Each structure stands twice: as structure tokens, then as C-alpha cells.
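Each residue of the sequence shown is one higher than the one before, starting from 110 at the first, in this note's numbering.
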Amino acid sequence: KIFDIRTFQMLESFSVRPQVGKDDIVVRSVVHTGNKNRQLVYGAKQIYVFEHESKSSEIPRMAHIPNHTVLACRYIRTECMFLTATAKEVRLWNADSGALEKTFTNLTTSLITVLVVDDRKPCKMFLGHQCGTITVASIIAGKVLRSYSKHVDPITSITTSSKHELFISTSAGGRLCVWYDLVPPIALRSVLPKVKN
């Protein structure tokens, strides 16, 4: 379902059903693209394109990722590309043709738990890892720019600021860190909230 975030009214609803003779589609998430009539729907190992105005009953498959489950899919509006993250790989795809452009295998040695895109120029990605570290990498070059490590538990979320060079990370152990994304990396604040029983 697609909602207007200002009025909370449902604008549209669509369903993704298994097709006869094809793999079932297990929907994990829907990713909005720059085109208001086009959404990327990703499941376990496939990414499908849903065209709102399409008269066809078949949902075209954009990409197939064998051997790994897609953990995250993020659209990069400034490049008309999208990224997918699997266990230890990040792949860059053309959003129009569905062609695989690049595969990055050298960004991490730990399992990826979070993928966030900052599509301001120069485009970069933030990767959260199972071991508690955060990697910032160039999307175009696929090179690690910086690494951050204040967490000891798996990273659960990363939120970037569009106006400032700040980002916030949280981990499974409850720690929240506010980072200044500069060289060398600076942790402005690290908080481990006390939980009362």
C-alpha cells in the first residue's frame, strides 16, 4: 500500500503474486524510484519492477541474485542506479535496464546488517556490520573511505543528516552513537541507555 505521508490517506494498493511455473515472490520491502509510477519490489533473491500504469499482468524481474538473500535495496536518485547488499557483497545495478554494473566484494570481512545511501555528490554508502563497525565507501569507485568502531554489537540502523556531515548509528546492545563524518572519524557522542526493569 502507498500512503500520502501528509494526510495518511492510502493512494494506491498493489499485490505481488507468485506466477505459475516461477519462483514465489516473498516480498521483503518496496523501494521507491524517482519515477512516481515505478517501484522496485525485492524479495529473497529477486528484484522486480512494478509499473503502476502497466497493463501487463506479469511483473518484470529486474535482477536475480543467486546464492545470497538480499538484505537491502536502495535507490540512488542522482545516478538512476540501485544498490543491493547481500552477506558480504554490495552490487550496483542500472535502474532502467536492470543490468549489473559493479560488484563490490572488498568492502567488508564481516556480515552486512545495514545499507544506507547518501546520494549527495560525491555519492557514498554506509555499511553497518555484524561485528559492530561501520564502513563509509564511495559508490562509484567502490573504495572504503572511512571506518568507525564504537559499537561492540551488530549495527541495527544508520541515519544520515542531509544538511550536516553527521550520522547516527544504533546497535543491538542498545548503544547510540552520533558521528561527525570527517577524516579522521570523530564520535561526538556515544550513549548506552540504562534500562530499568
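Quick reminder that beta carbons are idealized off the backbone N, C-alpha and C, glycines included.
Keep in mind it's a predicted model, so treat the numbers as computed, not measured.
Check your understanding: Just the Cα atoms here: how many angstroms apart are MET234 and ASP205?
Key -> As a working note, residue 234 is residue 125 in the sequence shown. As a working note, residue 205 is residue 96 in the sequence shown. So the two alpha carbons sit approximately 21 Å from each other.
**Study point:** Nearest candidate by alpha-carbon position, reference SER271, set VAL261, VAL225, THR116 and ILE221
**Key:** Residue mapping note: residue 271 aligns to position 162 of the sequence shown, counting from 1. Selected option, being the one with the closest Cα: VAL225.
**Study point:** Three-state secondary structure assigned by DSSP to GLY237
**Key:** To locate residue 237, count along the sequence shown from 1; it is residue 128. Here GLY237 sits in strand by DSSP.
Check your understanding: Which class does ILE248 belong to by DSSP, given the choice of helix, strand or coil?
Key -> Walking along the sequence shown from the start, residue 248 turns up at place 139. Residue state, collapsed to three classes: coil.
Review point. Relative to the alpha-carbon of ASP262, which residue among SER256, TYR289 and CYS240 has its alpha-carbon at the smallest distance?
Key: Start at 1 with the first residue of the sequence shown, and residue 262 comes out as number 153. Cα-wise, what sits closest to ASP262 is CYS240.
Check your understanding: From this set, GLU188, ARG183, ILE221 and ASN203, which residue's C-alpha is nearest ALA196's C-alpha?
Key -> As a position in the sequence shown, residue 196 is number 87, starting the count at 1. The candidate whose alpha carbon is nearest that of ALA196 is ILE221.
Review point. What's the gap between the Cα of THR238 and the Cα of ASP113?
Key: To locate residue 238, count along the sequence shown from 1; it is residue 129. To locate residue 113, count along the sequence shown from 1; it is residue 4. Note on identity: in this sequence residue 238 is His, with Thr being the wrong assignment. Going from the Cα of HIS238 to the Cα of ASP113 covers about 33 Å.
Point to revise | Where SER299 falls: helix, strand or coil (DSSP) | key: Residue mapping note: residue 299 aligns to position 190 of the sequence shown, counting from 1. SER299 falls in the strand class under three-state DSSP.
Review point. By DSSP, does ARG284 sit in helix, in strand, or in coil?
Key: Numbered from its first residue, the sequence shown carries residue 284 at position 175. DSSP places ARG284 in coil when its eight states are reduced to three.
Practice item. Jot down the residue ranges of each uninterrupted beta strand (DSSP E) in the stretch 209-237, minimum 3 residues, whole runs only, in chain order. Key: 209-213 and 221-227
Practice item. Confirm, please, whether the CB-CB distance from ASP228 to ILE185 is below 7 Å. Key: Counted from its first residue, the sequence shown places residue 185 at position 76. Counted from its first residue, the sequence shown places residue 228 at position 119. The answer is yes: Cβ separation under 7 Å.
Point to revise | Among LEU275, CYS182, ILE111 and ASN203, nearest to TYR257 - alpha-carbon criterion | key: For the purposes of this step, residue 257 is taken as residue 148 along the sequence shown, with counting starting at 1. It is LEU275.
Check your understanding: Taking buried to mean at least 16 other C-beta atoms within 10 Å of its own C-beta, is ILE111 buried or exposed?
Key -> The residue labelled residue 111 in the question sits at position 2 within the sequence shown. Result: exposed.
Exercise for review: Can you say whether CYS57 is buried or exposed, counting buried as having 16 or more other CB atoms within 10 angstroms of its CB?
Suggested key: Past the boundaries of the shown model lies residue 57; the chain is included only from 110 to 306, so the question cannot be answered.
Practice item. Assuming ALA194 contacts LEU180 (C-beta within less than 8 Å), just tell me the rounded distance between them. Key: Your numbering for residue 194 matches position 85 in the sequence shown. Your numbering for residue 180 matches position 71 in the sequence shown. Their Cβ separation, rounded to whole angstroms, is 5 Å, which keeps ALA194 and LEU180 in contact under 8 Å.
Check your understanding: Using the C-alpha atoms, what's the distance from VAL199 back to LYS211?
Key -> Numbered from 1 along the sequence shown, position 102 holds the residue referred to as residue 211. Numbered from 1 along the sequence shown, position 90 holds the residue referred to as residue 199. Distance between the alpha carbons of LYS211 and VAL199: 8 Å.
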